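Report on the structure given below.
Number of protein chains: 2
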Amino acid sequence: MRSALNPSPRPTARDAIIDAAIRLWSRNPGATFSEVALHAGVGRATLHRHFRNRDDLLTVLAEICIEETNEAVATAIDRSASASRQLQRMFEAVIPLGDRYSFLYRAEIGDEHTTAEYRRQLDRVGTLVGELKAEGAVAADVPTAWVVAQIDQLIWTAWNEVASGRVAAADAAYLATRTLLHGLGKEEQP
Amino acid sequence: MRSALNPSPRPTARDAIIDAAIRLWSRNPGATFSEVALHAGVGRATLHRHFRNRDDLLTVLAEICIEETNEAVATAIDRSASASRQLQRMFEAVIPLGDRYSFLYRAEIGDEHTTAEYRRQLDRVGTLVGELKAEGAVAADVPTAWVVAQIDQLIWTAWNEVASGRVAAADAAYLATRTLLHGLGKEEQP
DNA sequence: TGCAGATGATACGAGAGTGTCTCGTACGAT
DNA sequence: ATCGTACGAGACACTCTCGTATCATCTGCA
Numbered sequence: 076m077r078s079a080l081n082p083s084p085r086p087t088a089r090d091a092i093i094d095a096a097i098r099l100w101s102r103n104p105g106a107t108f109s110e111v112a113l114h115a116g117v118g119r120a121t122l123h124r125h126f127r128n129r130d131d132l133l134t135v136l137a138e139i140c141i142e143e144t145n146e147a148v149a150t151a152i153d154r155s156a157s158a159s160r161q162l163q164r165m166f167e168a169v170i171p172l173g174d175r176y177s178f179l180y181r182a183e184i185g186d187e188h189t190t191a192e193y194r195r196q197l198d199r200v201g202t203l204v205g206e207l208k209a210e211g212a213v214a215a216d217v218p219t220a221w222v223v224a225q226i227d228q229l230i231w232t233a234w235n236e237v238a239s240g241r242v243a244a245a246d247a248a249y250l251a252t253r254t255l256l257h258g259l260g261k262e263e264q265p
Numbered sequence: 076m077r078s079a080l081n082p083s084p085r086p087t088a089r090d091a092i093i094d095a096a097i098r099l100w101s102r103n104p105g106a107t108f109s110e111v112a113l114h115a116g117v118g119r120a121t122l123h124r125h126f127r128n129r130d131d132l133l134t135v136l137a138e139i140c141i142e143e144t145n146e147a148v149a150t151a152i153d154r155s156a157s158a159s160r161q162l163q164r165m166f167e168a169v170i171p172l173g174d175r176y177s178f179l180y181r182a183e184i185g186d187e188h189t190t191a192e193y194r195r196q197l198d199r200v201g202t203l204v205g206e207l208k209a210e211g212a213v214a215a216d217v218p219t220a221w222v223v224a225q226i227d228q229l230i231w232t233a234w235n236e237v238a239s240g241r242v243a244a245a246d247a248a249y250l251a252t253r254t255l256l257h258g259l260g261k262e263e264q265p
């Protein structure tokens, strides 16, 4: 369970808590602090030693999520590719993360820094949308806010459909891209 | 506050409660039973006289929502029109209801009858998707579940974008229909 | 006038969740 | 061996919410 060598300052309990919280809250967003401690194999007091509040823990999880998402996107994106290609790669990278972070979608994060970071993510998506428009992949007359909202929704919807088994995982990113760029109308030869 | 003539069996308190609950929970889904009573201008005891539980009240609201949605759709839909035209009219009818019932989207309704009714609504959407496919407005190779999920999401996303002022109310239904059927790619002459 | 039903105000107890504190223990470094 | 740190376990008080019970009041109606 534990790696012997760990360069980071505090290795064990904190990580176990974070892991348990993600697992547990993914299934039951209302789960108690005590339950989190239980699933982490940790005393409730210890949990409070690491995270003052439920909000505190939630905020840390949100930050981890944002960071992990940023990394996934950065790895997947190839700046030399077309914007629409980048879009699909972004979907491919991010949709699977829904499994871990779906509960954050409904959580209300009060922390300023976190919401600011989230806003920056959306801004970056907005930039991508701008490139899509410049490239002619997205019509210029559609409000950018609408496109961004669609991309955001598509990520969660795609993950949700995959998670419930109604859509194959391999198809999800393609369907999302297609839905956004071409809609679901009858395909003319692409 | 109270209208003198009221044909329905129980006119005043119950309606005030329902109204207050919708208003309040739309803004704050975690609002307390006491707060609902307060905003309804009603004693907390009275609230309990009309609705045993929070769940009880929530279930009633969900049923009202479903009923209201069904009515709106039934009024808007014109069976002689094309399926894609019906789709847009459905969007037009349902998106504004988001204002009142957005909180239900995140609520967990346990009641069997209500969830069954909700499922029937989704089934009806599924039927519409079938017609869209038959009509050639939607490609046959796209999973119906995916299309239904998209329609469901589009309703909430559209309402949300309108509510936050990022998209004009008049454009919402059009954008939703266009997004679903044609995507947001550059328009070929329609 | 007098009755019945609905209501408001209030109090009460139960239960859940939370935050804090203490105590004894295990482990590693010095 | 000793010290410091992190830990588990448990106790405790506090708050919040809920569901119920009680009682006085108000209203409409006979």
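First to last, the protein sequences are chains S and R.
The opening residue of the first sequence carries number 76 in our numbering; numbering runs sequentially from there.
The opening residue of the second sequence carries number 76 in our numbering; numbering runs sequentially from there.
Every residue gets a Cβ at the ideal spot worked out from N, C-alpha and C, and that includes glycine.
Note that the structure is a prediction, hence the values are computed from the model and not measured.
Just to confirm my understanding: we take C31(S), look at its own chain, exclude 5 residues before and 5 after, and list those with CB closer than 8 Å. What are they? No information on residue 31(S) is available, as it lies outside the stretch 76 to 265 that chain S covers here.
Within the 8 Å Cβ cut-off, does G258(S) reach chain R? For the purposes of this step, residue 258(S) is taken as residue 183 along the first sequence, with counting starting at 1. True, the Cβ-Cβ gap to chain R drops below 8 Å.
Select from P104(S), V117(S), G258(S) and G201(S) the residue whose C-alpha is nearest the C-alpha of T87(S). As a working note, residue 87(S) is residue 12 in the first sequence. With distances taken between Cα atoms, T87(S) lies closest to V117(S).
Same chain, Cβ closer than 6 Å to N103(R), five either side skipped, listed in chain order: Position 28 of the second sequence, counting from 1, holds the residue named residue 103(R). Counting only Cβ-Cβ distances below 6 Å, and skipping sequence neighbours, we find nothing.
So, is the C-beta of T232(S) closer than 8 Å to a C-beta in chain R? Counting from one through the first sequence, the residue named residue 232(S) turns up at place 157. Chain R contact via Cβ: present.
Comparing C-alpha positions only, which one of Q228(R), R89(R) and S101(R) sits nearest to T121(R)? The count along the second sequence starts at 1 and reaches residue 121(R) at position 46. Comparing Cα-Cα distances from T121(R) to each of Q228(R), R89(R) and S101(R), the minimum goes to R89(R).
Distance between F126(S) and A245(R) (C-alpha atoms, nearest Å): Along the second sequence, one-based indexing puts residue 245(R) at 170. Along the first sequence, one-based indexing puts residue 126(S) at 51. Distance between the alpha carbons of A245(R) and F126(S): 46 Å.
So with Cβ pairs under 8 Å, would you call W221(R) a contact of chain S? Along the second sequence, one-based indexing puts residue 221(R) at 146. Chain S contact via Cβ: present.
Distance, L207(S) Cα to R164(S) Cα: Taking the first sequence and counting its residues from 1, the one referred to as residue 164(S) is at position 89. Taking the first sequence and counting its residues from 1, the one referred to as residue 207(S) is at position 132. One C-alpha to the other measures close to 14 Å.
Less than 8 Å between the CB atoms is what I'm expecting for I45(R) and W234(R), so what's the real figure, rounded? Given a span of 76 to 265 for chain R in the structure shown, any question on residue 45(R) remains unanswerable.
Residue nearest to G201(S) in terms of C-alpha spacing, selected from V223(S), D186(S) and G260(S): For the purposes of this step, residue 201(S) is taken as residue 126 along the first sequence, with counting starting at 1. Out of V223(S), D186(S) and G260(S), V223(S) has the C-alpha closest to the C-alpha of G201(S).
Considering just the uninterrupted stretch of the alpha helix (DSSP H) at N145(S), what are its terminal residues? Numbered from its first residue, the first sequence carries residue 145(S) at position 70. It spans R129 to A151 - the alpha helix (DSSP H) in which N145(S) sits, taken as one unbroken run.
Burial state of G211(S) (16 or more Cβ within 10 Å): Translated into positions along the first sequence, residue 211(S) becomes position 136. The residue in question, G211(S), is exposed, as its Cβ has fewer than 16 Cβ neighbours within 10 Å.
Between A151(S) and chain R, is any beta-carbon pair separated by less than 8 Å? Residue 151(S) sits at position 76 when you count from the first residue of the first sequence. At a cut-off of 8 Å between beta-carbon atoms, A151(S) makes no contact with chain R.
Distance, A214(S) Cα to T134(S) Cα: Looking up residue 134(S) in the first sequence gives position 59. Looking up residue 214(S) in the first sequence gives position 139. Taking C-alpha positions only, T134(S) is separated from A214(S) by approximately 37 Å.
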